[in-house]
Amino acid sequence: MKVELEEVVPIKVAIIGGSGLYAILENPKYLFIDTPFGKSPRIEIGEINGVRVAFLPRHAEPGSTEVKHAIPPAKVNYRANVYALRMLGVERILTSQACGAINPVIKPGTLVIIDQFIDETKSRVYSFYDGKTPIQVWPDKPPIKTVVHIDVTQPYCPELRAVLIRACEELNIHYINTGTYVCTDGPRFETAAEIRAYKLLGADVVGMTNVPECVLARELTMCYASIAMATNYAAGTGPTKITHEEVTKIFAENIGNVQKVFRKAVKLIPPERKCVCKDALVGAVA
0 MKVELEEVVP IKVAIIGGSG LYAILENPKY LFIDTPFGKS PRIEIGEING
50 VRVAFLPRHA EPGSTEVKHA IPPAKVNYRA NVYALRMLGV ERILTSQACG
100 AINPVIKPGT LVIIDQFIDE TKSRVYSFYD GKTPIQVWPD KPPIKTVVHI
150 DVTQPYCPEL RAVLIRACEE LNIHYINTGT YVCTDGPRFE TAAEIRAYKL
200 LGADVVGMTN VPECVLAREL TMCYASIAMA TNYAAGTGPT KITHEEVTKI
250 FAENIGNVQK VFRKAVKLIP PERKCVCKDA LVGAVA
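Each residue of the sequence shown is one higher than the one before, counting from 0 in numbering that gives the first Met the number 0.
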């Protein structure tokens, strides 16, 4: 059933993901949100274990009632997606991404609770704050219409990361509690030489969707944490070439663990935020 924005706000928790998570909500309703950066894809509003949650399908077509993987990573309208969630009142975002394993400790199927990123994208829009567009961060305060320089020393919310780690522990699901994610534009997979370079830079996994999504969330003072699921060995590190068929097979075999972690995590989120994210704009506005 379609609903309007004013009927459902505020929603405090959101999940951003792809196929395999489309049915994670109980009793879902849906809406579209018009933002200064374009229309959102179909956002579903429902419950997980009694907690009201929004689900945003990252690769879905804006304005389409059909939810499917339709848009390549570099063409996703990350600003519209993240801003739409802020308009819903969202303060915490949990996300999942498929990734390639660079670190030999990480095997396909492993969940990595990433804590750093390296941005190797080239064609994306990285900020809301262009000095012209009024950005409404808080409903009860004037919009910001200037340049903003946020600190991303800790790009992922330490509180939400701790929640994901605790959920994995309580569920006895194998995970790695730290990792550096290098983000590329895609949609092609990387060359072996690129992977060797990323390894020298300290990257553990490689994917195509985490940046600028996590940065945009921080720009709106939202908490953001991510599970990167290794679906393949990165180029030049495995015994065979990378195929989309292999990636989707490993993803399908392990997405159930991501669902379990998210269902557990939403119940573990503390009611009050005490992290760096909520104060991201303090001292950042030019």
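Quick reminder that beta carbons are idealized off the backbone N, C-alpha and C, glycines included. Fair warning: this is a prediction, and the values are worked out from it, not measured in the lab.
Determine the closest residue to residue i out of the options, with distance taken between C-alpha atoms.
i, options, result
"V265", "G130, H243, A53, Q135", "A53"
"Y155", "G19, F31, G282, C276", "C276"
"G206", "P71, R51, I149, T220", "P71"
"V147", "I113, Y125, D118", "Y125"
"I226", "I113, T208, T179", "I113"
"Y82", "S39, D118, Q96, C98", "S39"
"I101", "V181, C274, M0", "V181"
"A285", "V12, I10, I241, I149", "I149"
"E168", "V111, E60, L87, G16", "V111"
"I32", "N26, V8, V50, R51", "V8"
"Y29", "G19, I10, P35", "I10"
"Y128", "V136, K121, S122", "V136"
"D203", "K131, G99, D184, C213", "G99"
Does DSSP classify residue i as helix, strand or coil?
i, result
"D33", "strand"
"D114", "coil"
"R51", "strand"
"Q258", "helix"
"R91", "strand"
"T230", "strand"
"N26", "strand"
"Y21", "coil"
"Y180", "strand"
"Y128", "coil"
Terminal residues of the continuous beta strand (DSSP E) containing residue i?
i, result
"G45", "42-47"
"F188", "Premise fails: F188 is in no beta strand (DSSP E) and is neither H nor E."
"I268", "No beta strand (DSSP E) holds I268; DSSP gives it neither H nor E."
"V12", "12-16"
"V205", "204-206"
So, is residue i buried or exposed, given that buried needs 16 or more other C-beta atoms within 10 angstroms?
i, result
"P107", "buried"
"L55", "buried"
"S95", "buried"
"E252", "exposed"
"M228", "buried"
"V162", "buried"
"L199", "exposed"
Quick one: does the C-beta of residue i sit closer than 7 angstroms to a heavy atom of the ligand COA?
i, result
"K248", "This structure simply doesn't include the ligand COA, nor any ligand for that matter."
Could you please give the first and the last residue of the uninterrupted alpha helix (DSSP H) stretch that includes residue i?
i, result
"P290", "Residue numbering for the chain in the displayed model covers 0 to 285; residue 290 lies beyond these limits and cannot be assessed."
"C213", "212-218"
"L84", "77-86"
"E6", "4-7"
For the structure I just gave you, are there three or more beta carbon pairs, one from the region 188-200 and one from the region 223-242, closer than 8 angstroms? yes
With a cut-off of 8 angstroms, do at least 3 Cβ pairs link the region 167-176 to the region 246-265? Yes: at least three Cβ pairs fall under 8 angstroms.
Assess, as a yes-or-no matter, whether the region 25-43 is touched by the region 73-80 under the definition of 3 or more beta carbon pairs within less than 8 angstroms. At 8 angstroms Cβ cutoff, the stretches touch.
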